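*Asks:*
Chains as they are written, first to last, in my numbering: chain Y, 43 to 140; chain R, 0 to 129.
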């Protein structure tokens, strides 16, 4: 499953819900969700604690718009919108954690 | 592959209608098909033709209308959500005794069954919201 998270972990509990309820697959961070992958942040710690359960992706355009594209945590892959479309195609199901 | 998109957030709110639009464009650019775009909850506000953003800002409503025209997309607005928020076409105006209509070109008003059908008929349904 592809899990899509679009809110900052400082704002909402949607990343927490995703990490608790989803049993693996991939997480794509979009919109304010990209803040979770900022190096040194609490969000990074949560994502790291989830370990190898999830493949991690973030929408590059949203990270760039927020000025944090060069401060993304290790182990995350930046994708563009076409990469987003590919991720949706590659996974049988997708869940937006709103 | 057949995609459908669900938009639950109004324009100029956070980022969901922009993300949904960029995603829809990328789906088409990659040669996939869009079965339907469904607007629900505050997402129905994407369908009012009376919106007038500043000239140097993107016009989210016109952008949807143009995308629908260019690619013959089926863009459906939930009728109950639309009634609550004053999104009206000619049929709804007549039915509810309203003196005006404001549904933008390319959109049509219908029911939730259209969302269920989109879920069944499409390979993927992607939700954008708040």
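Built from N, CA and C at the ideal position, the CB exists for glycine as well.
Computed from a predicted structure; not experimentally measured.
#1: Three Cβ pairs or more, each shorter than 8 Å: is that satisfied between the stretch 82-99 of chain R and the stretch 53-63 of chain R?
#2: Between which residues of its own chain and residue 50 of chain R is the CB-CB distance below 6 Å, once the five residues before and five after are set aside?
#3: Identify the continuous alpha helix (DSSP H) that holds residue 26 of chain R and give its terminal residues.
#4: Does residue 125 of chain R come within less than 8 Å of chain Y when only Cβ atoms are used?
#5: Establish whether the CB of residue 138 of chain Y and some CB of chain R are separated by less than 8 Å.
#6: Can you give me the Cβ contacts of residue 3 of chain R inside the same chain, cut-off strictly under 6 Å, excluding the 5 residues immediately before and after it?
#7: Along chain R, in chain order, which residues have C-beta atoms closer than 9 Å to that of residue 131 of chain Y?
#8: Find out if the Cβ-Cβ distance for the pair residue 41 of chain R, residue 9 of chain R is shorter than 8 Å.
#9: Exposed or buried, residue 74 of chain Y, counting other C-beta atoms within 10 Å across all chains shown (16 or more means buried)?
#10: Taking 6 Å as the limit between beta carbons, can you name the residues of its chain near residue 56 of chain Y, skipping five residues before and five after?
#11: Suppose you measure from the CA of residue 151 of chain R to the CA of residue 85 of chain R; what does that come to, to the nearest Å?
#12: Could you check if residue 135 of chain Y is buried or exposed, using at least 16 other CB atoms within 10 Å of its CB as the buried criterion?
#13: With 16 other CB atoms within 10 Å as the buried threshold, where does residue 114 of chain R fall?
#14: On the DSSP letters alone, give me the boundaries of the beta strand (DSSP E) that residue 123 of chain R sits inside.
#15: Closest Cβ-Cβ distance between residue 38 of chain R and chain Y: below 8 Å?
#16: Per DSSP, residue 45 of chain Y forms a beta bridge with which residues?
#17: For residue 77 of chain R, list the residues DSSP reports as bridge partners.
#18: Tell me whether residue 87 of chain R sits in a helix, a strand or coil according to DSSP, three-state version.
#19: Tell me which residues share the same chain as residue 70 of chain Y and place their Cβ nearer than 8 Å to its Cβ, disregarding the 5 neighbours each side in the sequence.
#20: Is there a C-beta anywhere in chain C that falls below 8 Å from the one on residue 96 of chain Y?
#21: Taking the C-alpha atoms as reference points, what is the distance between residue 96 of chain R and residue 109 of chain R?
#22: Go ahead and pull the three-state DSSP assignment for residue 35 of chain R.
#23: So what does DSSP say about residue 72 of chain R, is it helix, strand or coil?
#24: Give me the subset of the stretch 66-84 of chain R whose CB atoms are less than 9 Å from a CB atom of chain Y, sorted by chain position.
*Replies:* This is what the structure holds:
#1: Not touching, per the Cβ criterion.
#2: Against the second chain, residue 50 of chain R aligns to sequence position 51. Excluding sequence positions up to five before and after residue 50 of chain R, its CB lies within less than 6 Å of the CB of 60, all in the same chain and listed in chain order.
#3: By 1-based counting over the second chain, the position of residue 26 of chain R is 27. Note, residue 26 of chain R: alpha helix (DSSP H), 15-28.
#4: Counting from one through the second chain, the residue named residue 125 of chain R turns up at place 126. Yes, residue 125 of chain R counts as interfacial toward chain Y.
#5: Position 96 of the first chain, counted from the start, is the residue given in the question as residue 138 of chain Y. Chain R contact via Cβ: present.
#6: The residue given as residue 3 of chain R occupies position 4 in the second chain. Apart from sequence neighbours up to five positions away, the residues of its chain that approach residue 3 of chain R with a beta-carbon distance below 6 Å are 34, 35, 117, 121 and 124, ordered along the chain.
#7: To locate residue 131 of chain Y, count along the first chain from 1; it is residue 89. Near residue 131 of chain Y (Cβ distances below 9 Å), the residues of chain R are 0, 2, 29, 31, 122 and 123.
#8: For this step, residue 41 of chain R is matched to residue 42 along the second chain. For this step, residue 9 of chain R is matched to residue 10 along the second chain. Against a cut-off of 8 Å, the Cβ pair of residue 9 of chain R and residue 41 of chain R comes out as a contact.
#9: Position 32 of the first chain, counted from the first residue, corresponds to residue 74 of chain Y. Under this definition residue 74 of chain Y is a buried residue.
#10: Within the first chain, the letter at position 14 stands for residue 56 of chain Y. 47, 49 and 139.
#11: For residue 151 of chain R there is no data in the structure shown, the boundaries of chain R being 0 and 129.
#12: Locating residue 135 of chain Y in the first chain gives position 93, where the first residue counts as 1. The residue is exposed, with fewer than 16 neighbouring Cβ atoms inside 10 Å.
#13: Taking the second chain and counting its residues from 1, the one referred to as residue 114 of chain R is at position 115. So residue 114 of chain R ends up on the buried side.
#14: If you number the second chain from 1, residue 123 of chain R lands on position 124. Unbroken beta strand (DSSP E) run through residue 123 of chain R: 123-127.
#15: Counted from its first residue, the second chain places residue 38 of chain R at position 39. Not closer than 8 Å to any Cβ of chain Y, the Cβ of residue 38 of chain R fails to qualify, so no.
#16: Along the first chain, one-based indexing puts residue 45 of chain Y at 3. Per DSSP, Y:69 and Y:137.
#17: If you number the second chain from 1, residue 77 of chain R lands on position 78. Residue pairing by DSSP puts residue 77 of chain R in a beta bridge opposite R:109.
#18: Translated into the one-based positions of the second chain, residue 87 of chain R becomes position 88. DSSP, read as helix, strand or coil, puts residue 87 of chain R in coil.
#19: For this step, residue 70 of chain Y is matched to residue 28 along the first chain. Around residue 70 of chain Y: 44, 45, 46, 47, 99, 100, 101, 121, 126 and 129.
#20: In the displayed structure, chain C is absent; the protein chains listed are Y and R.
#21: For the purposes of this step, residue 96 of chain R is identified with residue 97 of the second chain, where counting begins at 1. For the purposes of this step, residue 109 of chain R is identified with residue 110 of the second chain, where counting begins at 1. A direct Cα-to-Cα measurement between residue 96 of chain R and residue 109 of chain R gives close to 18 Å.
#22: Along the second chain, read from residue 1 onward, the residue named residue 35 of chain R stands at position 36. Three-state result, residue 35 of chain R: strand.
#23: Position 73 of the second chain, counted from the first residue, corresponds to residue 72 of chain R. Residue 72 of chain R carries a coil assignment under DSSP once its states are collapsed to helix, strand and coil.
#24: Taking a C-beta cut-off of 9 Å against chain Y, none of the residues of the stretch 66-84 of chain R qualify.
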